[in-house]
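Here the structure comes first, spelled out in structure tokens, and everything after it is commentary.
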Amino acid sequence: MRTSKLAAGGIADAERLRGIANTTDPHTRAVLSSLPAPSAARVLDIGAGTGSVASWMAAERWPQGRVLAVDQDVSIMTRQQMPANCEVLRADVRELAPRTASFDVVHARFVLLHLPDRDDVTALAASLLDDGGHLVVTEPYALGTHGLYPVVDEVMDAYNAYAATIGMDLHWSKTVPGLVSKLGLSVVAVETAAGRLGGGPGNDRWAPMIARVRDDLIAAGLATDTLAEFEQLCARPDVYDVPQVMITTVAMKPGRS
1 MRTSKLAAGG IADAERLRGI ANTTDPHTRA VLSSLPAPSA ARVLDIGAGT
51 GSVASWMAAE RWPQGRVLAV DQDVSIMTRQ QMPANCEVLR ADVRELAPRT
101 ASFDVVHARF VLLHLPDRDD VTALAASLLD DGGHLVVTEP YALGTHGLYP
151 VVDEVMDAYN AYAATIGMDL HWSKTVPGLV SKLGLSVVAV ETAAGRLGGG
201 PGNDRWAPMI ARVRDDLIAA GLATDTLAEF EQLCARPDVY DVPQVMITTV
251 AMKPGRS
């Protein structure tokens, strides 16, 4: 499934993944908390990464349910204590054959945009839903480079160009509501949240993201001084820029009253 540093997963990618989790989990939890899923829900987490969402769903959101956390690299999750009702599976989601009445909730965050067949994998995810089940997809949407900080614009230009070379689609999230509608699901909600740059660890999503591909950006011509200034901005509590928003689509498979 994964073909780049930005989709590698596992221990080698832990800093970036934890940066995403720390800054994005509150939004994800709020969305998942709003779902009218049964107390004993059967839940699939696609591209579970650090396991932060899967663990929370198993321990707090659906403690009477069962969570299946799937990733191609599960090394972060296997090195920590996961809830007893959370199964960790090392697999490509494409290996999960469609089954009747499989899951009440299927969740995917920051994974589908990496896939060349992202539309097909979304269709597969939808096919794994039980009647009345919910598909929750969160992906970033790049806002362009018209911000307050020229150095941020410069780094984001380089990052966006790099992302394109590895097949990431930073605008695909906009198409998800229409895509799932065509698949026969009913769109329940489309929620957005800012992917903040600035504020330091716990608030800033971008320092660990850019650090992961720092050498690639330098090789493409980005100056090290520019990156150093960018990193300083990410650490400053008074900086708040929004290079991306997160778009979360919540859709339901009809059939359960």
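Everything in the sequence shown is counted per full-length UniProt numbering, starting at 1 for the first residue and increasing by one.
In this text, a Cβ means the ideal position worked out from N, Cα and C, and glycines have one as well.
To which residues does DSSP link residue i through a beta bridge?
i	result
aspartate 119	Aspartate 119 pairs with nothing; no bridge assigned.
histidine 134	Val105 and Met252
isoleucine 247	Glu139 and Thr192
leucine 129	Phe103
aspartate 241	Leu197
Are the CB atoms of residue j and residue i within a distance shorter than 8 angstroms?
i	j	result
residue 261	phenylalanine 110	Only positions 1 to 257 of the chain appear in the structure, and residue 261 is not among them; the question remains open.
cysteine 86	valine 67	yes
residue 261	valine 180	With the chain running from 1 to 257 in the structure shown, residue 261 is simply not present.
valine 136	valine 31	yes
aspartate 104	arginine 42	yes
valine 74	valine 93	no
glycine 51	isoleucine 76	yes
alanine 207	glutamate 231	yes
leucine 227	valine 155	yes
valine 245	tyrosine 141	yes
glycine 195	arginine 236	no
leucine 143	proline 26	no
leucine 185	alanine 126	yes
leucine 112	leucine 44	no
tyrosine 162	leucine 217	yes
isoleucine 166	serine 34	no
Starting from residue i, follow the beta strand (DSSP E) in both directions and report where the run begins and ends.
i	result
residue 297	Because the chain here runs from 1 to 257, residue 297 falls outside it and cannot be looked at.
phenylalanine 103	103 to 109
valine 53	Premise fails: valine 53 lies in the alpha helix (DSSP H), 52 to 56, not in any beta strand (DSSP E).
methionine 168	Premise fails: methionine 168 is in no beta strand (DSSP E) and is neither H nor E.
leucine 89	86 to 90
leucine 44	42 to 46
asparagine 71	Per the sequence shown, residue 71 should be read as aspartate rather than asparagine. Residues 66 to 71.
leucine 197	186 to 197
Grab the span of the alpha helix (DSSP H) containing residue i for me, first residue to last.
i	result
arginine 16	14 to 33
threonine 226	224 to 235
threonine 78	75 to 78
serine 181	176 to 182
proline 208	206 to 212
Do the stretch 201 to 218 and the stretch 167 to 180 make contact, defined as three or more Cβ pairs closer than 8 angstroms?
no
Hey, is the stretch 146 to 153 in contact with the stretch 212 to 219, meaning 3+ C-beta pairs nearer than 8 angstroms?
no
Does the stretch 122 to 136 come close enough to the stretch 236 to 251 to have 3 or more Cβ pairs within less than 8 angstroms?
yes
Kindly confirm or deny that the stretch 81 to 97 and the stretch 54 to 62 touch, where touching means at least three C-beta pairs closer than 8 angstroms.
yes
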